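Here my numbering is used: the first residue of the sequence shown is 1, the next is one more, and so on.
No residue lacks a Cβ here, since even glycine has one placed at the ideal position from N, Cα and C.
Please read these numbers as outputs of a predicted model, since none were measured by experiment.
Structure, as C-alpha coordinates:
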Amino acid sequence: VGTATATPAMGSHSFVALLKDLCEEYRLPGVEYELVSDTGPPHYRLFTIRARVGAHERFATSTTKKAARQQAAEQLYTYMRENLARLTKDFVEEEALVRAHERAMERYVEVREEVSWRPHLGQRVADYHLGLRTHIDPDKCELAQAALAELDNSEDKAKPEDVLQAAVAALGLTLTCTSPESESGALCLLELAPTSPALTFAGCTPRVATLSALQYLRLALAYEDTSKV
(Lines of atoms letter the chains of each structure in order from A and count residues from 1; the text may use other names and numbers.)
(Lines give C-alpha, C1' and ligand atoms only; values in the text may rest on other atoms or scores of the structure.)
Protein backbone atom coordinates (compact mmCIF):
# COMPACT_ATOMS: atom_id res chain seq x y z
CA VAL A 1 0.00 0.00 0.00
CA GLY A 2 1.47 3.32 -1.04
CA THR A 3 1.96 6.17 1.36
CA ALA A 4 -0.36 9.11 0.83
CA THR A 5 1.15 12.52 0.20
CA ALA A 6 1.05 15.09 2.96
CA THR A 7 -2.17 17.07 3.07
CA PRO A 8 -2.83 20.33 4.92
CA ALA A 9 -4.65 20.00 8.23
CA MET A 10 -8.34 20.57 7.65
CA GLY A 11 -11.65 20.61 9.45
CA SER A 12 -13.73 17.55 10.21
CA HIS A 13 -15.80 17.90 7.04
CA SER A 14 -13.10 19.24 4.72
CA PHE A 15 -12.24 16.12 2.73
CA VAL A 16 -15.89 15.33 2.11
CA ALA A 17 -16.31 18.91 0.87
CA LEU A 18 -13.09 18.84 -1.17
CA LEU A 19 -13.98 15.58 -2.88
CA LYS A 20 -17.44 16.89 -3.71
CA ASP A 21 -16.01 20.12 -5.11
CA LEU A 22 -13.37 18.25 -7.12
CA CYS A 23 -16.07 16.17 -8.79
CA GLU A 24 -18.18 19.23 -9.56
CA GLU A 25 -15.27 21.26 -10.93
CA TYR A 26 -14.17 18.54 -13.37
CA ARG A 27 -17.63 17.13 -14.11
CA LEU A 28 -16.94 13.76 -12.59
CA PRO A 29 -19.72 11.48 -11.34
CA GLY A 30 -21.11 12.46 -7.96
CA VAL A 31 -19.58 10.95 -4.83
CA GLU A 32 -21.47 7.97 -3.40
CA TYR A 33 -21.09 6.84 0.21
CA GLU A 34 -22.28 3.45 1.41
CA LEU A 35 -22.23 1.74 4.79
CA VAL A 36 -20.57 -1.59 4.03
CA SER A 37 -20.48 -3.14 7.50
CA ASP A 38 -21.42 -2.50 11.11
CA THR A 39 -19.64 -4.87 13.49
CA GLY A 40 -18.46 -5.15 17.07
CA PRO A 41 -20.16 -5.05 20.48
CA PRO A 42 -22.49 -2.16 21.42
CA HIS A 43 -19.76 -0.38 23.38
CA TYR A 44 -17.24 -0.59 20.53
CA ARG A 45 -18.95 -0.66 17.16
CA LEU A 46 -16.90 -0.44 13.98
CA PHE A 47 -18.38 1.10 10.85
CA THR A 48 -16.94 0.60 7.39
CA ILE A 49 -17.86 3.19 4.76
CA ARG A 50 -17.18 3.00 1.04
CA ALA A 51 -16.63 6.21 -0.96
CA ARG A 52 -17.02 5.82 -4.71
CA VAL A 53 -16.59 8.11 -7.72
CA GLY A 54 -17.30 6.22 -10.93
CA ALA A 55 -15.03 3.16 -10.97
CA HIS A 56 -12.80 4.45 -8.18
CA GLU A 57 -13.54 3.57 -4.56
CA ARG A 58 -11.91 3.53 -1.16
CA PHE A 59 -12.91 1.99 2.18
CA ALA A 60 -12.39 3.23 5.72
CA THR A 61 -13.31 1.86 9.13
CA SER A 62 -13.83 3.83 12.33
CA THR A 63 -15.84 3.85 15.54
CA THR A 64 -18.28 6.42 14.08
CA LYS A 65 -19.93 6.68 10.67
CA LYS A 66 -18.88 10.31 10.43
CA ALA A 67 -15.21 9.54 10.95
CA ALA A 68 -15.29 6.57 8.56
CA ARG A 69 -16.93 8.72 5.89
CA GLN A 70 -14.32 11.43 6.37
CA GLN A 71 -11.42 8.97 6.15
CA ALA A 72 -12.84 7.27 3.06
CA ALA A 73 -13.27 10.68 1.41
CA GLU A 74 -9.69 11.61 2.31
CA GLN A 75 -8.28 8.41 0.79
CA LEU A 76 -10.28 8.76 -2.42
CA TYR A 77 -9.53 12.47 -2.73
CA THR A 78 -5.79 11.87 -2.27
CA TYR A 79 -5.82 9.03 -4.80
CA MET A 80 -7.61 11.11 -7.41
CA ARG A 81 -5.35 14.12 -6.94
CA GLU A 82 -2.26 11.92 -7.36
CA ASN A 83 -3.55 10.05 -10.40
CA LEU A 84 -5.20 13.01 -12.07
CA ALA A 85 -2.50 15.51 -11.15
CA ARG A 86 -2.00 16.68 -14.72
CA LEU A 87 -5.72 17.29 -15.26
CA THR A 88 -6.40 18.81 -11.85
CA LYS A 89 -3.27 20.93 -11.44
CA ASP A 90 -5.36 24.11 -11.40
CA PHE A 91 -7.53 22.84 -8.53
CA VAL A 92 -6.80 25.08 -5.53
CA GLU A 93 -7.80 23.51 -2.22
CA GLU A 94 -8.12 26.83 -0.38
CA GLU A 95 -10.57 28.13 -2.98
CA ALA A 96 -12.51 24.87 -2.91
CA LEU A 97 -12.84 25.12 0.87
CA VAL A 98 -14.10 28.69 0.54
CA ARG A 99 -16.72 27.55 -1.97
CA ALA A 100 -17.74 24.70 0.33
CA HIS A 101 -18.03 27.11 3.26
CA GLU A 102 -20.16 29.50 1.21
CA ARG A 103 -22.49 26.68 0.18
CA ALA A 104 -22.78 25.54 3.78
CA MET A 105 -23.63 29.08 4.90
CA GLU A 106 -26.28 29.38 2.19
CA ARG A 107 -27.89 26.14 3.38
CA TYR A 108 -27.67 27.38 6.98
CA VAL A 109 -29.43 30.64 6.08
CA GLU A 110 -32.14 28.74 4.21
CA VAL A 111 -32.74 26.46 7.17
CA ARG A 112 -32.73 29.40 9.59
CA GLU A 113 -35.32 31.18 7.45
CA GLU A 114 -37.51 28.10 7.50
CA VAL A 115 -37.36 27.55 11.26
CA SER A 116 -36.80 31.10 12.53
CA TRP A 117 -40.45 31.68 13.48
CA ARG A 118 -41.61 30.40 16.84
CA PRO A 119 -45.03 30.81 18.47
CA HIS A 120 -45.18 33.18 21.42
CA LEU A 121 -45.85 30.74 24.28
CA GLY A 122 -46.26 33.55 26.80
CA GLN A 123 -49.06 35.27 24.92
CA ARG A 124 -52.21 35.80 26.97
CA VAL A 125 -55.64 34.96 25.58
CA ALA A 126 -56.65 38.55 26.35
CA ASP A 127 -53.98 39.72 23.88
CA TYR A 128 -54.91 37.42 21.00
CA HIS A 129 -56.47 40.31 19.08
CA LEU A 130 -53.03 41.98 19.08
CA GLY A 131 -51.33 39.02 17.41
CA LEU A 132 -50.69 40.55 14.01
CA ARG A 133 -49.65 43.91 15.40
CA THR A 134 -47.38 42.38 18.03
CA HIS A 135 -45.62 39.60 16.14
CA ILE A 136 -45.37 40.96 12.60
CA ASP A 137 -42.96 43.71 11.60
CA PRO A 138 -44.69 47.14 11.66
CA ASP A 139 -43.42 47.91 8.16
CA LYS A 140 -45.16 44.80 6.84
CA CYS A 141 -48.38 45.81 8.58
CA GLU A 142 -48.20 49.22 6.91
CA LEU A 143 -47.59 47.60 3.53
CA ALA A 144 -50.62 45.37 4.04
CA GLN A 145 -52.78 48.36 4.97
CA ALA A 146 -51.57 50.23 1.90
CA ALA A 147 -52.34 47.23 -0.32
CA LEU A 148 -55.86 46.98 1.10
CA ALA A 149 -56.47 50.70 0.65
CA GLU A 150 -55.13 50.72 -2.91
CA LEU A 151 -57.33 47.84 -3.99
CA ASP A 152 -60.37 49.25 -2.19
CA ASN A 153 -59.96 52.60 -3.95
CA SER A 154 -59.18 51.24 -7.40
CA GLU A 155 -61.62 51.99 -10.21
CA ASP A 156 -61.85 48.33 -11.13
CA LYS A 157 -63.29 46.64 -8.09
CA ALA A 158 -60.88 43.87 -7.11
CA LYS A 159 -62.12 40.43 -6.18
CA PRO A 160 -62.02 39.66 -2.43
CA GLU A 161 -59.68 36.75 -3.15
CA ASP A 162 -57.19 39.07 -4.87
CA VAL A 163 -57.41 41.62 -2.05
CA LEU A 164 -56.73 38.92 0.55
CA GLN A 165 -53.78 37.53 -1.41
CA ALA A 166 -52.24 41.00 -1.68
CA ALA A 167 -52.56 41.63 2.05
CA VAL A 168 -51.21 38.20 2.97
CA ALA A 169 -48.22 38.64 0.65
CA ALA A 170 -47.44 42.06 2.16
CA LEU A 171 -47.48 40.51 5.64
CA GLY A 172 -45.09 37.76 4.57
CA LEU A 173 -47.61 35.05 5.44
CA THR A 174 -48.89 32.05 3.51
CA LEU A 175 -52.52 31.26 2.79
CA THR A 176 -53.72 27.66 2.68
CA CYS A 177 -57.20 26.60 1.62
CA THR A 178 -58.65 23.20 2.53
CA SER A 179 -62.10 21.67 2.11
CA PRO A 180 -62.57 18.97 4.75
CA GLU A 181 -65.59 16.71 4.73
CA SER A 182 -68.42 17.92 6.92
CA GLU A 183 -71.65 16.25 7.98
CA SER A 184 -73.47 19.56 7.58
CA GLY A 185 -72.33 20.01 3.98
CA ALA A 186 -69.62 21.99 2.21
CA LEU A 187 -66.93 23.65 4.31
CA CYS A 188 -63.92 25.78 3.40
CA LEU A 189 -61.03 26.55 5.75
CA LEU A 190 -58.50 29.32 5.15
CA GLU A 191 -55.36 29.19 7.29
CA LEU A 192 -52.90 32.05 7.69
CA ALA A 193 -49.41 31.04 8.79
CA PRO A 194 -47.24 31.64 10.66
CA THR A 195 -49.30 33.65 13.12
CA SER A 196 -49.67 33.82 16.88
CA PRO A 197 -52.34 32.87 17.71
CA ALA A 198 -53.02 30.48 14.86
CA LEU A 199 -55.61 31.93 12.48
CA THR A 200 -58.14 29.83 10.56
CA PHE A 201 -61.30 31.16 8.95
CA ALA A 202 -64.24 28.96 8.01
CA GLY A 203 -67.10 29.38 5.57
CA CYS A 204 -69.64 27.37 3.63
CA THR A 205 -67.86 28.58 0.46
CA PRO A 206 -64.36 29.92 -0.31
CA ARG A 207 -65.88 33.39 -0.82
CA VAL A 208 -67.46 33.40 2.65
CA ALA A 209 -64.19 32.27 4.28
CA THR A 210 -62.29 34.91 2.30
CA LEU A 211 -64.62 37.70 3.43
CA SER A 212 -64.25 36.53 7.03
CA ALA A 213 -60.45 36.60 6.77
CA LEU A 214 -60.52 40.04 5.16
CA GLN A 215 -62.73 41.43 7.90
CA TYR A 216 -60.34 40.16 10.56
CA LEU A 217 -57.27 41.54 8.80
CA ARG A 218 -58.83 44.98 8.36
CA LEU A 219 -59.78 45.20 12.05
CA ALA A 220 -56.48 43.76 13.30
CA LEU A 221 -54.35 46.05 11.15
CA ALA A 222 -56.39 49.13 12.04
CA TYR A 223 -56.23 48.46 15.79
CA GLU A 224 -54.04 50.75 17.87
CA ASP A 225 -53.05 49.75 21.39
CA THR A 226 -53.58 53.03 23.26
CA SER A 227 -52.21 51.54 26.49
CA LYS A 228 -48.70 51.83 25.02
CA VAL A 229 -49.00 55.50 24.06
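*Minimum C-alpha distance to C141 - residue among T63, T78, E57 and A169*: A169
*Does DSSP put D156 in a helix, in a strand, or in coil?*
coil
*Just reading off the alpha helix (DSSP H) that R27 is part of, what are its end residues?*
Element bounds for R27: n/a, residue is neither H nor E.
*If you draw a straight line from the alpha carbon of P41 to that of T63, how long is it in whole angstroms?*
11 Å
*Please state whether DSSP places C188 in a helix, a strand or coil.*
strand
*Taking just the CA atoms, how far does E82 sit from G30?*
19 Å
*asked:* Between which two residues does the beta strand (DSSP E) holding T39 run?
replied: E32 to T39
*Report the three-state DSSP secondary structure of S179 (helix, strand or coil).*
coil
*Simplified DSSP state of S196, which is helix, strand or coil*: coil
*Who are the near neighbours of D38 in its chain, counting only those whose CB is closer than 7 Å to its CB and skipping five residues on each side?*
R45 and F47
_Can you find the residues in the same chain that come closer than 6 Å, C-beta to C-beta, to L217, ignoring five residues on each side of it along the sequence?_
A167
*For E113, count neighbouring C-beta atoms within 10 Å of its own C-beta (all shown protein chains included) and say buried if the count is 16 or more, exposed if not.*
With a pLDDT of only 49 at E113, under the threshold of 50, the placement of this residue in the model should not be trusted, and no figure is reported.
*asked:* Suppose the cutoff is 6 Å on Cβ atoms and the five residues either side in sequence are ignored; what does the same chain contact list for A67 look like?
replied: none
_Beta-carbon proximity of L192 to L173, cut-off 8 Å_ = yes
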